[in-house]
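To start, the structure itself, in structure tokens.
Residue numbers (my numbering), protein chains in the order written: chain X, 1 to 211; chain Y, 1 to 359.
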């Protein structure tokens, strides 16, 4: 089998959200001696990108993106384990993420984390119902390139504002993105975030733009 | 001035039914526990401590907001239903209480595994304290204001609470299991309805929180499969008109009203007023509750004048011929300035009296 064919099969497994096939084809590609970066860029990320395009064209929906995210996670785990030198697959940076205090919804956040990890980011998830002080403590500890605040409830906007105010008052310079269907350009500006995203896929795209 | 609830009842229900005997555009507000706490100074647990305290706090809040509507926020198939399931299945650890906002369920905790779904017990709402309090409060509000309380039911909202993100994997990986969960939730919703009938009486309408009807969530076909078919079954059982609420940003309103016979739709998206003008033309017998007044935009970040402009835009474009109710969507968050909320009834007073004057 040719290298292109193996990568194409892996890409299709990612696109189809088939984790088992993705594992098979990533192993096959590694065994064929295809460089890790090539597997990542030509198959895994390409599959993710095509899934995103289908989502934007209303041909894919949240369940499909989630399955794609799972397949990416499965495939990249195999890739990481196969590396001889860590530098071959460098992290694109650390992102700190969490659902703000008073809100424990996490569906959108989980999707974002899965897709970001697949794209090579190191993601630290603080979980749900996270107080502003906890975001600050962790941000000081790990100095993330970006902080993502998630929330579903309309009431979460006030907590996002409080969290961002605290982070800025303590001179945290990480870019800040807020995510949730409740958000708008106006509310994003009001709370002082660098950008906002209304759903998981939009979040991943905007995070890549911000960084 | 004493609130004239009878006038509000007429305004709201006549508008929904398309009657011409309406004096002005009604104002429907979603005031959740957070707003009720804010207005009355009580904590959520104080509100829930007795039906009388709860009912009075709700009446005080809706009268303060000068709204034409009134409802019991916890009598809704979201967190309260998750609480009932948690209690029936000994999983109260999944519930988190707050002082000044509604309780929440850790999504996916109650139905973590397939076995959890298979063995899931249907709650008996007559034994759940919060539901008992909520239904008795609804009855008191009925009696005090003469505003007939509308029952709110849902399927997907509860699926998300119980199964969390796994529900979206189930759509592709395990649809039969997901349908089994939907079926159990349907049964539970019918138990709420039976209790409602017994305590509150026959509702004038059913308000469906149809959260699956959103492009961001799933395909329209899937939303019909996992929610739509159950709503049709509810309609066969509950012979009153149904309204559809979806506060998502990509709702399937146009698609769903072709499949299910709703008397009204309620949402704040799309933001393009042109969509709503077109909707009214295509479906003249379906009332619009809301259109494009979103609580996270001018309501939250603007001033009363911005809100007035938005209300004016909605009224001038959608109130002609009736069947339009002004409604910011969704729940009014903590940070919304009170003057911005009060700007809505003021703007209605200015522009919303029938006959509507376009100029």
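Yeah, the Cβ is synthetic: ideal placement off N, Cα and C, and Gly gets one too.
- For residue 230 of chain Y, no beta strand (DSSP E) encloses it; the enclosing alpha helix (DSSP H) starts and ends at 229-237.
- With contacts defined as CB atoms closer than 8 Å, residue 74 of chain X and residue 139 of chain X fail to qualify as a contacting pair.
- A distance below 8 Å between beta-carbons, with the five flanking residues on each side excluded, links residue 182 of chain X to the following residues of its chain, in chain order: 151, 152, 153, 154, 156, 157.
- For the C-beta of residue 194 of chain X, not a single chain Y residue is nearer than 9 Å; the gap to the nearest is close to 17 Å.
- Membership of residue 167 of chain X in any beta strand (DSSP E) is not indicated; the residue belongs instead to the alpha helix (DSSP H) covering 156-169.
- The residue from Y:151, Y:93, Y:159 with its alpha-carbon nearest to that of residue 204 of chain Y is Y:151.
- Residue 135 of chain Y: member of the alpha helix (DSSP H) spanning 129-145, first to last residue.
- Between the segment 117-128 of chain X and the segment 34-51 of chain X, the count of Cβ pairs shorter than 8 Å is three or higher; the stretches touch.
- The beta carbon of residue 160 of chain Y sits closer than 8 Å to some beta carbon of chain X.
- Under the 8 Å criterion on CB atoms, residue 198 of chain X is classed as interfacial with respect to chain Y.
- Taking residue 99 of chain Y as the centre and dropping the five residues before and after it, the same chain places the C-beta of 43, 44 closer than 7 Å to its C-beta, in chain order.
- Contact of residue 301 of chain Y with chain X by beta-carbon distance below 7 Å involves 186, 187, 190.
- Shown in chain order are the members of the segment 60-82 of chain X whose Cβ falls below 8 Å from a Cβ of chain Y: 61, 62, 63, 64, 66, 67, 70.
- Collapsing the DSSP output to three states places residue 193 of chain X in coil.
- For a Cβ distance threshold of 7 Å, residue set 296 of chain Y lies close to residue 183 of chain X, ordered along the chain.
- A Cβ of chain X is located within less than 8 Å of the beta carbon of residue 249 of chain Y.
- In this structure, the alpha-carbon of residue 41 of chain X lies about 31 Å from that of residue 250 of chain Y.
- Straight through space, the alpha carbons of residue 252 of chain Y and residue 76 of chain Y are spaced by roughly 21 Å.
- Assignment of residue 120 of chain Y by DSSP, reduced to helix, strand and coil, places it in the coil class.
- In this structure, the CA atom of residue 134 of chain X is about 36 Å from the CA atom of residue 307 of chain Y.
- Using a CB distance cut-off of 8 Å, residue 3 of chain Y does not count as an interface residue toward chain X.
- For residue 160 of chain X against residue 301 of chain Y, the beta-carbon gap comes to about 13 Å, at or over 8 Å, which does not count as contact.
- Within the segment 327-358 of chain Y, those residues whose Cβ lies closer than 7 Å to any Cβ of chain X are, in chain order, 330, 331, 333, 334, 335.
- Taking a beta-carbon distance threshold of 8 Å, residue 33 of chain X does not count as an interface residue toward chain Y.
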